[in-house]
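Under our numbering, think of the first position of the sequence shown as 497, with each following residue one higher.
Backbone N, C-alpha and C fix where the C-beta goes; we use that ideal spot for every residue, glycine too.
For clarity, every value in this text was computed on a predicted model and none was experimentally measured.
Everything on this sheet refers to the single structure shown next.
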Amino acid sequence: MANIAVLGAQWGDEGKGKIVDLYSERSDYIVRYQGGNNAGHTLVVDGNKTVLHLIPSGVLHEGKTCVIASGVVLDPEVLMEEVNELVARGLLSEKRKTKILISERAQVIMPYHKLLDRLREGLGGKAKIGTTVRGIGPCYEDKVARRGILVCDLLDPILLREKLELALKEKNVVLRELYGEKVQNIEELHHWALKMGEKLKPMMCDTRVLIQEALSLGKSILFEGAQGTLLDVEHGTYPYVTSSNTITGGIFTGCGVGPKSLEHIIGISKAYTTRVGTGPFPTELNNDLGEEIRKKGAEFGATTGRPRRCGWLDLVTLRYAVEVNGLTALALMKADVLSELNEVKVCVAYEVDGKRIEHLPSQIRVYEKVKPIYETFKGWPELPQRAQGLSDLPKTFAAYVEYLERQLKIPVVTVSLGPGREETLTRLIY
Ligand code: IMP
């Protein structure tokens, strides 16, 4: 199989886990390149539900090499919990020949990162992003400020102590003076970090070298995105975004590979839109229909359990996702949730101060004035759980899919008809 990227085309929670699981059957390596355990993938295989936050979803297939590359921020305790659970369930074993490898250069989420994330969010008001409070933002901040702790630093007691001393000089002032919190104890942190280093050691390697070797051997790689395009720190609805590059570009920086290593880029989108946390959402439905979609689609966060905000599909944001990611195909998820509605709407442009705009505004306050311009489609009846082609699906739904293809100028290669692996229409195999 070719090398492919699977990433979110909206605000995250599009159902990437299912698509990664599906496509990784034919991949040798599955690589996470950004984000951390702010992600949450729910996978249903043979009726059993598995939620993964850090380990690539491909781990549920036998014989795969699952890689956490250097662009990821890694919480060692969360990783070990997931590893232990997979071992206990017999999903990670010598016999299944599945490997998990982590980059020596990935950044470590330290306990003070989580604490700071929580305290900041607690300030409320404009400071509140509605983060997952997993320490993601504070950890990436330290990376860019060049004072982060790398996974390989956990094996070097002297360097680790120096780095912790430097970090705590600043963190402890902020904790005490700004938040009135207890300061962090260096001895405890140093001990904890070294202990984590010993646990992670068997999984550590230079994942850049590993990936390059795989590429030169002609192995197939699936790059698994987390969050979604509109949560990208540069191209999303800033400042209501996550702290990493969630778009295709994040693969190159987060793994140390060049653009030629990628052949197909599949964007994942629901047939509607959801968002968790604060921030603009032009097509949000603050009404009974929004509530109905939330209930029927079980739209509650896999990581934090928060109810997701729900609304109509937004082609302004989807066209943007096609452009910034260079998407070559789309996977459409959860269309079954919209079945039996009389009509289904799609936002085709925005109106701002009486003017029609087709591009995403940069200024965050403009979103307060945005009015979605909708096109209305006839709804579709209950979708079958299995289908071989669009012709097996209700005509009104097939027309909706074909409309999206024309608008986005890319094919819809996969249509998800339910949560299970087998409840999927695959129109193209890579
Ligand atoms: P953080 O990534 O925890 O810093 O959160 C920043 C923003 O990204 C918040 O609005 C979160 O709700 C959102 N976010 C982070 N991870 C995910 C995800 O996996 N799915 C959906 N939203 C996410």
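- In the displayed model, Gly567 falls within coil according to three-state DSSP, outside both helix and strand.
- Ile707 has its CB no nearer than 7 Å to any heavy atom of the ligand IMP.
- Closest by C-alpha distance to Ser599, out of Leu664, Val568, Val583, is Val568.
- Of the candidates Glu694, Thr872, Asp849, the residue whose Cα lies closest to the Cα of Arg861 is Asp849.
- Taking 7 Å as the cut-off, one finds no heavy atom of the ligand IMP near enough to the beta carbon of Thr546.
- Around the Cβ of Ile654, a 10 Å sphere holds fewer than 16 other Cβ atoms; the residue is exposed.
- Gln723 has its CB nearer than 7 Å to a heavy atom of the ligand IMP.
- When DSSP reads this structure, Gly531 sits in a beta bridge with Val568.
- Sixteen is the threshold: since fewer than 16 other Cβ atoms of the shown chains lie within 10 Å of the Cβ of Leu619, the residue is exposed.
- With a 10 Å radius around the Cβ and a threshold of 16 neighbouring Cβ atoms, Pro735 comes out exposed.
- In this structure, DSSP gives Gln603 an extended state, which the three-state scheme calls strand.
- The beta carbons of Pro868 and Pro778 sit closer together than 8 Å.
- Look at Asn681 here: in three-state DSSP terms it is coil, with no helix or strand label.
- Counting along the chain, Val818 sits inside no beta strand (DSSP E); it lies in the alpha helix (DSSP H) bounded by residues 811 to 821.
- Among the bridge pairs identified by DSSP, Tyr525 is matched with Thr561, Ile717.
- Contact between the segment 893 to 912 and the segment 816 to 828 is present: 3 or more CB-CB pairs across the two stretches fall below 8 Å.
- Relative to the ligand IMP, even the nearest heavy atom lies 7 Å or more away from the CB of Tyr529.
- Distances between the C-beta of Ala535 and the heavy atoms of the ligand IMP include at least one below 7 Å.
- At the C-beta level, Gln506 and Thr733 stay beyond 8 Å of one another.
- Taking Glu677 as the centre and dropping the five residues before and after it, the same chain places the C-beta of Leu671 closer than 6 Å to its C-beta, in chain order.
- Counting along the chain, the unbroken beta strand (DSSP E) around Cys806 starts and ends at 805 to 807.
- With a beta-carbon spacing of about 17 Å, Val527 and Ile764 fall beyond the 8 Å limit used to define contacts.
- About 3 Å separates the CB atoms of Gly626 and Gly773; that is less than 8 Å, so the two are in contact.
- A residue is called buried once 16 or more other Cβ atoms fall within 10 Å of its Cβ, and Ala663 is buried on that count.
- Distances from the alpha-carbon of Val729 to those of Lys560, Tyr636, Ala831, Leu809 put Tyr636 closest.
- Going by C-alpha positions, Lys514 is about 11 Å away from Gly536.
- By the criterion of a C-beta distance shorter than 8 Å, Glu573 is surrounded in its chain by Met692, once the five residues flanking it on both sides are discounted.
- Distance from the C-beta of Asp524 to the nearest heavy atom of the ligand IMP is not below 7 Å.
- Take the alpha-carbon of Met700 and the one of Lys545: they are about 28 Å apart.
- Membership of Thr703 in the alpha helix (DSSP H) is indicated by the continuous run 703 to 712.
- Per the Cβ contact rule, the segment 864 to 878 is not in contact with the segment 542 to 559 (fewer than 3 Cβ pairs under 8 Å).
- The alpha carbon of Thr703 has as its nearest neighbour, out of Tyr525, Ser912, Arg882, the alpha carbon of Tyr525.
- Residue range 653 to 669 is occupied by the alpha helix (DSSP H) that includes Glu661.
- Shown here for Leu597: same chain residues with a beta carbon closer than 8 Å to its own, the five before and five after excluded, namely Thr561, Cys562, Val563, Ile564, Met699, Met700, Cys701, Thr703, Leu706 in chain order.
- Distances between the C-beta of Trp507 and the heavy atoms of the ligand IMP include at least one below 7 Å.
- Taking a cut-off of 8 Å for Cβ pairs, the segment 875 to 886 and the segment 909 to 925 touch, as three or more such pairs fall below it.
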